[in-house]
Every structure is written in C-alpha cells, then in structure tokens.
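So in the working numbering, spot 128 of the sequence shown is number 663, and the numbers just go up one at a time. Glycine residues also receive a C-beta, built at the ideal position from the N, C-alpha and C atoms. Predicted model, so just to flag it, every value in this text is computed and none were measured.
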Amino acid sequence: MKTLLPFVLFFAAVFPLFAEEAKPVYNILIVTGGHDFDVPEFYQMFDEMSDVRYDKAELPKDMDLLAPGLEKKYDLVLTYDMNTFSVSDKQKENFAALIKSGMPLFVMHHSLGGYQGWSLYREIAGGHYLQKPLEIDGTTYPASDYKHDVDMNVSVADKDHPITQGVKDFAIHDEAYKNVYVRKESHVLLTTDHPDSTVALAWTNRYGKGAVFATALGHDKQAYVVPELRKILHQGIKWCIEESRKNKVDK
C-alpha cells in the first residue's frame, strides 16, 4: 500500500488541473474608445469570470480588426466604445459582414450611441441611441437623451431566457437613456418604469448568423458592482456565443 501512496497523491494534485482545463473557455475581444469609463473596475468584472479570457482593442486605431477573419481568434466581440469617429464605408461593410457571418456581438451601454448616421447599425444592434430626431420606416422618433445618477428599478421581462435565468428584479444606480430606438423585432429581456429611461433596458437580436445581446445598463463602477448586472453580463456572453454556434449549424 505504501508504494501506491505517491501515485494517489500525484493524481489528487493533477486531477483538479485537468478539470480546470476541461471547463469551457470563451475568448472575447473587448472594444473601447470614444468614451471615458472606470477602467479598473470595468475589467475586474471580466477578470472574475473564470471561463472568459479577453483581449482589448481601442477605436479608432483598431477599427480594421472588426472584419471577417476575426472569428478565427475570438468567440465574441463586446463593444463598450462610443464610435463617433470617421469610419469608412469599407470598415462598416467589414464590421457588418463579420457579424452576419456568425460572430456574436454584445453591445453595452454607450456603445448604443455609436455609428450615428449608419442605418444598418440599428439593424445589427437591435436598437440605437439617436442623437437627433429621425424617421425610421415611416415613423419619426425623437432624439434620445441621458441623465446621470439615476436609481432605477429593473424588471425581468423574460425570466426563462438563458441570459436572465436566476435573475430577480433588482435596483441599480446608473445612467438612464431615454427615447432609445428599439427594433420591434428585438426580444426585450429587461425593462424599467423610470420616467427618465426608455422602457426596454436589454434585448436580444439576430443579424444573419450572429446572435446579438444589447443592454443600456453599465455606465460606471456604481453599476458594475450590482450582482444582477454581473450575472446578466456573464450569461449574455455565453448565450451569444452558444446561440451563434447553433445558428451556424442551422443554416
């Protein structure tokens, strides 16, 4: 029995390493630029996700990365930029083609306000913060607005969705976006009745084979610490990736 002891101790030490490696690992690209944010606290949310690895990209200098071929390295693009830079038609075309071909996209907070004047972005993201009144499909929508330091009650509109599973209604201190345009085809997951906010706070969408999740929540470190937002962020990443993988198989 004594001769077996070293082998037992060896496998006891090594087995957890194999178990850790066997966990699904999602490689994502986090895109920022054009808007200030609480940098350490923002990335801490992702550091605490044991099954998520990330790299950083910053606009406008890394805009050319958002093109077909990126899917060979990453499982998802999470945009937390506010792209008001000069973007060429080719760069827009490449970005759209990337998502349409099956790259999952997570659009977070002020990223809803990027790409003003690019109508296709609304179709990709499932919604858009409008900097001026705009006619869309025959209906005129007012300009969007924002208000800092708002205490909102958030309701889970679809409790059965994988992104909101296990999430109860919650309160959050965040920046509110009012009059955000949300496509009727988008599937709303979170809502609020706060008068300074658009009713829909989070939704899913699909562009081509790419699954898209967008949320207006997540302005700064006061919002980042809310456990429900962290859970939604984590589950949103996983849903987008797994859903896009299914879309690729289905089509």
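Residue i - containing alpha helix (DSSP H), residue span
i	result
Leu655	Ser654 to Ala660
Val574	Val574 to Asp582
Ala706	Element bounds for Ala706: not the alpha helix (DSSP H) but the beta strand (DSSP E), Phe705 to Lys713.
Ile634	Asp624 to Lys635
Ala758	Lys756 to Tyr759
Environment of residue i [buried if 16+ CB atoms lie within 10 Å]
i	result
Ala758	buried
Lys596	exposed
Ile563	buried
Ser679	buried
Arg657	buried
Leu583	This sequence places Glu at residue 583; Leu is not what is there. Classification for Glu583: exposed.
Ser779	buried
His644	buried
Lys694	exposed
Ile767	buried
Ile671	exposed
Lys607	exposed
Gly662	buried
Asp624	exposed
Val622	buried
Pro639	buried
Lys744	buried
Asp590	exposed
Gly673	exposed
Ser732	buried
Glu763	buried
Val566	buried
Thr675	exposed
Asp616	buried
DSSP three-state assignment for residue i, whether helix, strand or coil
i	result
Met598	helix
Asn618	coil
Ile767	helix
Lys682	strand
Glu720	coil
Ser646	helix
Trp774	helix
Ser585	coil
Asp693	coil
Leu611	strand
Leu665	coil
Lys781	helix
Ala557	Caution is warranted here: a pLDDT of 46 is assigned to Ala557, below 50, making its placement in the model unreliable, and no coordinate value can be reported.
Cβ distance (whole Å) where residue i is taken to contact residue j below 8 angstroms
i	j	result
Val689	Thr739	Not confirmed; about 16 angstroms, so no contact.
Leu601	Val612	7 angstroms
Asp610	Tyr561	5 angstroms
The beta strand (DSSP E) enclosing residue i, as first and last residue numbers
i	result
Ile671	Leu669 to Ile671
Glu746	Before going on, a small fix: residue 746 reads as Ala here, not Glu. Residues Gly745 to Thr750.
Tyr676	Thr674 to Tyr676
Leu736	Ala735 to Tyr742
Thr699	That residue, Thr699, is in no beta strand (DSSP E); it is neither H nor E in DSSP.
Val566	Tyr561 to Thr567
Exercise. Is the segment 696-715 touching the segment 751-767 in the sense that three or more CB pairs, one from each, lie closer than 8 angstroms?
Worked result: With contact defined as three or more Cβ pairs closer than 8 angstroms, the segment 751-767 and the segment 696-715 are in contact.
Exercise. Do the segment 696-706 and the segment 646-653 meet, that is, are 3 or more Cβ pairs less than 8 angstroms apart?
Worked result: no
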